[in-house]
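Note sheet for the following structure.
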Amino acid sequence: MEERMNSKDVQIHINHVGMTFKDNKGNDMEALKDINLDIKKGEFISLLGPSGCGKTTLLRIIADLLKPTKGSVRIDGMMPREIRMQQKFGIVFQSPVLLDWRTVRKNIELPLEIMHYDAQRLPERSAEMLKLVGLEEFANHYPKQLSGGMQQRVGIARALGIEPELLLMDEPFSALDEFTKEKLHVDMLDIWEKTNKTIIFVTHNIQEAVFLSNRICVLSPHPGRLSAVVDVDLPKKRTLDIRDTLHFSELVAKVRNSFEGGSL
Amino acid sequence: MYTRKKNIFVRMSENVNVQKALGVILPVLLGIVIFVLWQTQVIHKIFHVDVFTLPLPTRIVSIMIDNISDILINTKATVFAAAIGLLIGSVIGYVIAWVADRWKGFGSGGLIIVTAFNAIPIVALAPVMTNWTRDVSPDASVRSMVSKILVVMIVSIASMSINAYRGLTELKPYAMDMMTSYAAKRREVFWKLQFPNSVPYIFTALRVSAPNSVISAIVAEYFAEYIIGVGRQIRENIVLAQYSTAWAYILTACIIGIVFYVVLMIVEAIILKHRK
Amino acid sequence: MKKIRKLGQKKWLVTLVWVIGIVIVWEIMAFRVAAVKRTPENILPHIYQILYSFIDSSPVAGGQTALMVVASNAVATLLRAAVGFLLGMGLGFVLALLMKLSGIIEKLAFPYLMLIQMIPILGMAPIILSLTGDIGTSRIIIAAILTFYPVAANTLAGLKSVETEKYELMYSYAAPKRMIYTKVLIPACLPYFFTGLKIAAPMAITASILVDTLQGDGGLGCMLSQSLRHAMSIYVFWDIVLVSAVIGILSTKLMGWIEDLVSPLKRIDRQIGRRGGK
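Chains as they are written, first to last, in this note's numbering: chain A, 78 to 341; chain Z, 23 to 298; chain F, 2 to 279.
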């Protein structure tokens, strides 16, 4: 499976990427095999698949948290490491990874401090981000005082605060309850529209992928490989009602059927 | 593309077996370096001490071999006091934890008191115990042994009661609900759930109290009536300016401490084999 | 808020009941001892007798009252313990940092750190005195070694408790090592560091008192031995037992109070507690 496009629009170029791990017994385990994918600027891409399909591995390779054993990734023509050194990645993990001893505001300012952002403009910047995720009132609260959903929103605000080239999200909503998740889905689309960032979103939830993204990369396990790419031709502005439409159901079915061997 | 050729040092540092081996080799090397510096009297020059107060390692070992029968007698006394005190104290500590769990309100208050007792310095405890055991037996050696055991016992209670209480109460989520749903009796809940759950915590407690029991026995010997034990021999020999002999007993004390700990680790490894 | 206050009161009450219980048992024993012994104050005096000896104005040694003897020597013992304690604390913290920074240092030092825990350092007090020839130095050395181990071991555990995700987060910001330490690792290990201090504080005091007993240079331990040898009133001995127990308990409490003041996490817990109580 290859997904290639006109080279001038491409922001991320994933070229024959393969990843082999050693398991406990020292045997080789092929987590990713020959992944080829181009991603355009401003896309919302979902990496979708069951556990063990290598979707998180692929995200970590893009984020320079892992080095692929085969092939290469280019972002704006540069290696992931160069992008990371330029501090252009915004990452949201499955858990919010907030520092308990810092207030919400201070947590959002953490990466800015590391980047020696102008100290006088810090409060302004963090306030802006808090507004974006709707947590203005909680600026001086501590993480422990917030619900799981609010903590994850702080994580998103922190990732966006540094004006990243790329927003990488690793199953960010999987630990949240359905109601909170729905709210964050709407927020996410809103943030995407406002910031126009390229977003790579890892998930194992088909509905979530269809609702959020403009393109879904379906991965299958053993070995992890790209088995289909589904374009989501829904309007960019979406409300929760869209999930009740026939077209949405058809898209979900299409994605489900695209898993090789019906592994879901 | 990323597979750059790595030099031998990088490859070595990534190898798990090399790392494991280094964990043994490096400390052993450090030990050898210290031994050599000591034996060649470099340490003596650095710290301005003479060979009389800090005898050479070979001399200490030869003294140990010469006096092995005396050393064994004193070792027996110290080990006996430490082991029996540790055993009784740990059992009492566990019972206190059980009581604290059984009658939550006032029991856990008792736990606070026990931890407070833990802060009493052994130095103050030892003479009190010597005083209290004067009537136990007309034989001074028996009196002193009882008083040493009491000191070790008191020192061992606190760490066991605190850890065992955690072991009895920090259960897997829903484990207690499950037992309740079976209408399990209190005795069954204890033997089938709480006690097995507390076993790793017992070892956590022992890892603190086993070395402490040796220390307490040694310090208690300083204040004991009857002159016996590794601790007392250290002090007596220093008073007599027999530093080599004192060092032989210090080495003995260290060996006792290490053996206590190692035995504990082995027992723990065997009993908790299937839990890790 | 009412509920919390009720709970607090109850806990306080429970402890009080226990203390009263212990006092009653002590007094029953003291009466029994007084009935059968010629010099009951050597075995188990009444609690009021011990307390009275603190305010008794008759001199016990060199024109000083018992209170003056105990107080002045307690200060001496505490100051000497404090020097060793601070030294051990600093060294322990630095070693933990170094062990975290360098795998080689960790491998070199870890077995020896374990060894310190296993061997009876207190039992080595007399020989360290002979080696240094100076009681002050040996006190500092022993208190420092005893403080060193719990601080180093706990701080290292704290540094290692930081989740991988936090490293990855800092890595993704290309944060320099220095910042990973100042912004994540050191704040994260503070509670563990204080756990080490709470364990070490009474140990340092015990060490100081023990070293006192080795030479007639003042300090609580020295007075304790003199009193035991009946060089002064035996009540001084009981006063010192009581005072050293209280100091031992207070030293741990003191570390807790300092933690409350210094540690941001504790401050947050307090703030949340206050807000939650509204």
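We treat Cβ as the ideally placed atom computed from N, Cα and C, and that holds for glycine.
Source: prediction; values computed, not measured.
At least 8 Å separates the beta-carbon of Arg-182 of chain A from that of Gly-238 of chain A. Linking Lys-314 of chain A to Ala-252 of chain A through their CA atoms gives a straight-line distance of about 26 Å.
Taking C-beta atoms under 8 Å as the contact rule, Ser-123 of chain A and His-281 of chain A fail to qualify, at a distance of about 10 Å.
When only Cα atoms are considered, Tyr-116 of chain Z and Tyr-223 of chain Z end up about 11 Å apart.
The DSSP assignment places complete alpha helix (DSSP H) segments of no fewer than 4 residues inside the region 204 to 276 of chain F at 221 to 229, 235 to 263, in order along the chain. The beta-carbon of Ile-139 of chain A is placed no less than 8 Å from the nearest beta-carbon of chain F. Contact annotation: Tyr-150 of chain F and Pro-188 of chain A have beta-carbon atoms that are not nearer than 8 Å. With a threshold of 8 Å between beta carbons, Asn-155 of chain F makes no contact with chain Z. Chain F has no Cβ within less than 8 Å of the Cβ of Met-156 of chain A. Within the region 235 to 248 of chain F, those residues whose Cβ lies closer than 8 Å to any Cβ of chain Z are, in chain order, Phe-238, Ile-241, Val-242, Ser-245, Ala-246. Here Ser-235 of chain Z is buried. Its C-beta has 16 or more other C-beta atoms within 10 Å.
Counting the other Cβ atoms within 10 Å of the Cβ of Leu-135 of chain A gives 16 or more, which makes it buried. Distance between Leu-14 of chain F and Val-289 of chain Z, taken at the CA atoms: about 41 Å.
Taking 8 Å as the cut-off, the Cβ atoms of Ile-179 of chain Z and Ile-256 of chain Z do not count as close. Using a Cβ-Cβ cut-off of 8 Å, Leu-255 of chain F does not count as an interface residue toward chain A, since no Cβ of chain A sits closer than that to its own.
Per DSSP, Arg-297 of chain Z lies in no alpha helix (DSSP H) and is assigned neither H nor E. Within a 10 Å sphere around the beta-carbon of Tyr-283 of chain Z sit 16 or more other beta-carbons, which makes this residue buried. Between Tyr-113 of chain F and Pro-233 of chain Z, the gap from beta carbon to beta carbon reaches 8 Å or more. Chain-order list of chain F residues neighbouring Met-162 of chain A: Ala-175, by C-beta distance under 9 Å. One Cα belongs to Ile-273 of chain F, the other to Trp-178 of chain A, and the distance between them is close to 12 Å. Within the region 263 to 299 of chain A, complete beta strand (DSSP E) segments of at least 3 residues are found at 275 to 280, 292 to 297, given in chain order.
Arg-268 of chain F and Asn-89 of chain Z have their alpha carbons spaced roughly 58 Å apart. A buried status is given to Arg-235 of chain A, since no fewer than 16 other beta-carbon atoms sit within 10 Å of its beta-carbon. Taking 8 Å as the cut-off, the Cβ atoms of Leu-114 of chain A and Leu-296 of chain A do not count as close. Pro-79 of chain Z and Leu-88 of chain F have their alpha carbons spaced roughly 29 Å apart. Contact check for Glu-242 of chain A and Ile-160 of chain A: beta-carbon distance about 7 Å, within the 8 Å limit, so the pair qualifies.
Counting along the chain, no alpha helix (DSSP H) covers Asn-92 of chain A; the unbroken beta strand (DSSP E) around it starts and ends at 87 to 99. Just so you know, the alpha carbons of Thr-156 of chain F and Leu-123 of chain F end up roughly 23 Å apart. Between Tyr-194 of chain A and chain F, the shortest Cβ-Cβ separation is not below 8 Å. The closest CA to that of Ser-245 of chain F, considering only F:Ile-117, F:Ala-158, F:Ile-56, F:Ile-210, is found on F:Ile-210.
Identification of residues in the region 174 to 186 of chain A having a C-beta nearer than 9 Å to some C-beta of chain F yields Val-174, Leu-176, Asp-177, Trp-178, Arg-179, Thr-180, given in sequence order. Contact check between the region 213 to 223 of chain F and the region 161 to 169 of chain F: fewer than three CB pairs, one atom from each, fall below 8 Å, which does not count as touching.
Beta-bridge partners assigned by DSSP to Gly-167 of chain A: A:Leu-244. Secondary structure in the region 26 to 64 of chain F: the alpha helix (DSSP H) runs of 4 residues or longer, each lying completely within the stretch, are 41 to 44, 48 to 56 in chain order. Beta-bridge partners assigned by DSSP to Ile-152 of chain A: A:Ile-89, A:Met-155.
Look at Pro-77 of chain Z: its C-beta is not under 8 Å from any C-beta on chain F.
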